[in-house]
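The structure appears right after this line, and notes come after that.
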Amino acid sequence: MKKIALILCLTLALSMITVSAFAKGNQLTCTGSTTVLPVAQATAEAFMDKHPEVNISVRGGGSGVGVAALQNGTADICNSSRPMKAKEITAAKSKGINPTAYFIANDAISIVVHNNNKVKNLSIAQIKKIYTGVIKNWKELGGANLPIVVVSRDVASGTFEVFNEKALSGAKVSETAQLLASNNAVISAVANTPGAIGYVGLGYVTDNVNVVMVNNLMPSDTTVKNGTYPLARKLYMYTNGKAKGDAASFISFIQSAEGQKIVKEQGFITLN
Amino acid sequence: MPMQSKFKMIMGLGLLILPLLANAVETKLSGEFWGRWINETAKKKNAAGNYTDKVVSNYLSLERGYFGLETKFSELTKARFTVDIFTTDKTHEYTAYTLNDSSQVALPVEPATLTASTKTGSLDGAGLKIKYAYVDFGGLVPIPDLTLTTGMQKVYFGTIYDWTYTLIGKAPTDEYKVANSADLGVTLNGYLPQGFGEYAIGAYNGEGYKKVASSLKDNTDFAYLANLRLTPIPGVTLGGSYMSNTVGREKALDGEALNASYEEQQLMDGLLRLAYGPVDVWGEYISKNVKYPNETSASKTKEYTATGLSIILIISLKDFVKTDVQLVGRYDTWDESDRIAGDKSRSKLNAMTFGANYNFLHDESAVPAMQLQLNYTTKSYDEDKSHSDFADGKRDTSQINLQLKWRFANTIK
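From first to last, the protein sequence lines are chains A and B.
Mapping of the first sequence onto my numbering: position 56 corresponds to residue 56, and the numbering continues sequentially without gaps.
Positions in the second sequence are counted from 1; adding 272 to them yields my numbering.
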């Protein structure tokens, strides 16, 4: 009899653990990339309008913060503007977390300069020289006699990591560069500084700055989708294992025609 | 110049010069401090030769403090420097003299009446040692996610290199002095694609970061290490480590006489970790085989093999009580009974720990800045398979540890 009672107690305890651990009601937490943030926010609002029973909380912090939150089990969805690294996936898997990637949009890291800047095109080699401090004045690039003010994202940002890999080949950013915490801060700094150069996700580009061609290519739907724009990338949402329930519905919504329309409205590039 | 000294000199110079050659992209300051109350009761032998329970320790300590700098020179090159601050570990070696015959007390004492012995102790209120001082070079070899690390660094053996002190006690290989947590060395370490695991190979001095003076090994052999961990499916981790190490000089510097105390160690570790939802279970098997190739006795009586098993259970209650609380438990068995009977280290030990952690003041990634830990540990020795003096005269013990751990990290860009 005692054995049966013990087994029943253990079964009950395990059931409580399982139910409590995996059933979180209709609350979704979505954390990470500041680049993905406007897409996540706008699509979350549209999704919640259609599904008022679901509450989606969207937060930024950067791709690295999102990855850590997924690893620690405090986020249902990790927003990331870069693919997860092998080290991060290993750490997650060893904790029983299985990061599963969903593409939600395409993006082009856009090189932006002040509106008065006459330079219209830069090669990847020139961008690298600017960001590593080799080229210091716009006149070396056919522009005005004006010192270059280098504006970069902080190193925790996924945008920085993709830019560093694709444009700088891992080289160190000049120590004089301003390292800013968000795309908006970069746009603001470049718009207000005549000699400035910066880079942001395409969705953050405004009329207050000029977009520069890279290797004679403008970041656009066509150049990103045909793979010619050198600083193109994908934007991701990661879940623990295959997305289920509300998380699956939300991601499916973003990937649907309706969700992709919002992606486009936010200035990013659709999947198809 | 001996190989080992050259090795140290090259790495030391490298560490000094590198920061001057490269300017940092960012520097991270981090610290971690453990304030602990320890209360230990043990069975101690009384005048009649019987064991009775006595409180043997009851004190507060700054058990550990780590203060570190991490400097990123580029996306591929970074360096780390961490000092270890503590109030309880011994910091110095000194020679102690005792009178050969306690009746001879007249001064001045004749040297012939004194016996010298080497002891260790603390001369200061707190000690300081370099725990890490290394540089990571990524991208040197065209293999993705492979890093060359040089300097005072982690020893990638068993669980010692990623031990996060979820329980207050040390990693099993550290606890039973199988491997050191940090050492001077050169390693290649990396990650398998798709998160399938990690690996490391390397050469170390083989003596750790704490030893001083005569406790430093006096030989020309490096320790060699290989480590592999696989995560074939999420939540299941399998690992294995192998290390060969030596203690002492094989032959005398002058005269080439063989040193009978020269020790060859073969160290092995197997790991299984299962993590599912709130439950995390670790199992670690350790084997230490010690040979004395220059021992002259035919029976090679000093040679021995020690084995151990450690099982750790961590249950997170965060999702049930909406507070970041963990329940922890640990069972260890460590068997060095293969040592010769007179050896003071001969023992067979069973240890159990139960405890709880309360994590609070989390950052935006849900990493807690503070952790309050309470652990209760009992140790019992097999009477027949242990030295009669047990562990420094202490037989079965029970210990309560209450610890507040706090950490911080700030990045200067």
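Virtual Cβ for every residue (Gly too), placed ideally from N, Cα, C.
Using beta-carbon positions only, say whether residue i and residue j come within less than 7 Å of one another.
i	j	result
A405 (chain B)	V427 (chain B)	no
S94 (chain A)	G158 (chain A)	no
T324 (chain B)	N330 (chain B)	no
D107 (chain A)	F268 (chain A)	yes
L70 (chain A)	Y238 (chain A)	yes
E567 (chain B)	A529 (chain B)	no
E304 (chain B)	Q671 (chain B)	no
L497 (chain B)	L460 (chain B)	no
P219 (chain A)	S110 (chain A)	yes
I77 (chain A)	C30 (chain A)	yes
K136 (chain A)	N145 (chain A)	no
S240 (chain B)	K620 (chain B)	Nothing in the structure corresponds to residue 240 (chain B), since chain B is present only between 273 and 685.
P444 (chain B)	S609 (chain B)	no
V214 (chain A)	L202 (chain A)	no
S152 (chain A)	V119 (chain A)	no
Buried or exposed: where does residue i fall if 16 or more other Cβ atoms within 10 Å of its Cβ makes it buried?
i	result
L180 (chain A)	buried
D493 (chain B)	buried
G680 (chain B)	A small fix is needed here, since residue 680 (chain B) is Phe in this sequence, not Gly. With fewer than 16 Cβ atoms within 10 Å of its Cβ, F680 (chain B) is classed as exposed.
G511 (chain B)	buried
E342 (chain B)	buried
T367 (chain B)	exposed
Q728 (chain B)	Since the first residue of chain B shown is 273 and the last is 685, residue 728 (chain B) is not available in this structure.
S637 (chain B)	buried
I89 (chain A)	buried
N208 (chain A)	exposed
S63 (chain A)	buried
L732 (chain B)	Outside the modelled stretch of chain B, which goes from 273 to 685, sits residue 732 (chain B), for which no answer is possible.
D664 (chain B)	exposed
T390 (chain B)	exposed
F353 (chain B)	buried
S33 (chain A)	buried
G170 (chain A)	exposed
S569 (chain B)	exposed
S486 (chain B)	exposed
Y369 (chain B)	exposed
A257 (chain A)	exposed
T669 (chain B)	buried
Q27 (chain A)	exposed
With which residues is residue i paired in a DSSP beta bridge?
i	result
V58 (chain A)	A:C30
Q538 (chain B)	B:S516 and B:N561
L334 (chain B)	B:G307
V327 (chain B)	B:T313
Q255 (chain A)	Answer is none; Q255 (chain A) lacks a bridge partner.
V274 (chain A)	This structure does not reach residue 274 (chain A), given that chain A is present from 1 up to 272, and the question cannot be answered.
W606 (chain B)	B:G580 and B:L621
M678 (chain B)	The identity of residue 678 (chain B) in the sequence shown is Trp, whereas the question assumes Met. According to DSSP, W678 (chain B) bridges with B:F305 and B:M642.
N121 (chain A)	A:M213
For residue i, I'd like the list of residues in its chain whose CB is within less than 6 Å of its CB, leaving aside the five on either flank, ordered along the chain.
i	result
A243 (chain A)	I251
N561 (chain B)	Q538 and T577
S513 (chain B)	F429, G430, N499 and D541
G601 (chain B)	L585 and F626
I675 (chain B)	Residue identity differs from the one stated: residue 675 (chain B) is Gln in this sequence, not Ile. Within the same chain, Q675 (chain B) has close Cβ partners W306, R308, I440 and Q645.
V58 (chain A)	C30, A40, Q41 and A44
V113 (chain A)	I197, N210 and V212
A21 (chain A)	Any reading at A21 (chain A) must be qualified, since the residue scores a pLDDT of 45, below 50, and its modelled position is unreliable; no value is offered.
D361 (chain B)	G399
F339 (chain B)	G303 and V355
Which residues in the same chain have their Cβ closer than 7 Å to the Cβ of residue i, if we skip the five residues on either side of it in sequence?
i	result
L217 (chain A)	T223, T228 and Y229
D221 (chain A)	I269
A524 (chain B)	N531
Going along the chain, which residues of its own chain have a beta-carbon closer than 8 Å to the beta-carbon of residue i, five neighbours each way excluded?
i	result
G507 (chain B)	L546, A547 and Y548
L348 (chain B)	F409, G410 and G411
T176 (chain A)	G133 and V150
Using a Cβ-Cβ cut-off of 7 Å, state whether residue i counts as contacting chain E.
i	result
N106 (chain A)	Given the protein chain composition of this structure (A and B), no chain E is represented.
Report whether the distance from the Cβ of residue i to the nearest heavy atom of the ligand COA is below 6 Å.
i	result
K317 (chain B)	Ligands displayed in this structure: none; no statement on the ligand COA is therefore possible.
Problem - Short-range partners of chain A found in the stretch 429-452 of chain B, where Cβ spacing is below 7 Å - result: Using a CB distance below 7 Å, no part of the stretch 429-452 of chain B faces chain A.
Problem - Contact residues within the stretch 536-547 of chain B, judged by C-beta distance below 7 Å to chain A - result: Per Cβ criterion, the list reads R545 and A547.
Exercise for the section: Could you run through the stretch 638-649 of chain B and flag, in chain order, every residue whose CB is less than 8 Å away from some CB of chain A? Expected result: Correct list: A638 and V639.
Exercise for the section: For the stretch 91-102 of chain A, enumerate the residues whose C-beta is nearer than 9 Å to any C-beta of chain B, in chain order. Expected result: Answer set for the stretch 91-102 of chain A: A91, A92, K93, S94, K95, G96, I97, N98 and P99.
Practice task
Below 7 Å between beta carbons is the criterion; list the residues of the stretch 160-192 of chain A that meet it against any residue of chain B, in chain order.
Solution key: Interface annotation for the stretch 160-192 of chain A against chain B: N164, G170, A171, K172, V173, E175 and L179, criterion Cβ-Cβ distance under 7 Å.
Practice task
For the stretch 53-78 of chain A, enumerate the residues whose C-beta is nearer than 7 Å to any C-beta of chain B, in chain order.
Solution key: Against chain B - using a Cβ distance shorter than 7 Å - the residues of the stretch 53-78 of chain A are G61, V65, A68, A69, N72 and T74.
Handout entry: Under 9 Å (Cβ pairs) to chain A, residues found in the stretch 325-350 of chain B
Key = Those residues of the stretch 325-350 of chain B that come within reach of chain A (Cβ to Cβ, closer than 9 Å) are K344, F345, S346, E347, L348 and T349.
Exercise for the section: Report the residues of the stretch 460-482 of chain B with a CB closer than 9 Å to any CB of chain A, ordered along the chain. Expected result: Listed by position along the chain: G462, Y463, L464, P465, Q466, G467, F468, G469 and E470.
Handout entry: chain A contacts from the stretch 398-411 of chain B (Cβ-Cβ distance under 9 Å)
Key = Result list: G410 and G411.
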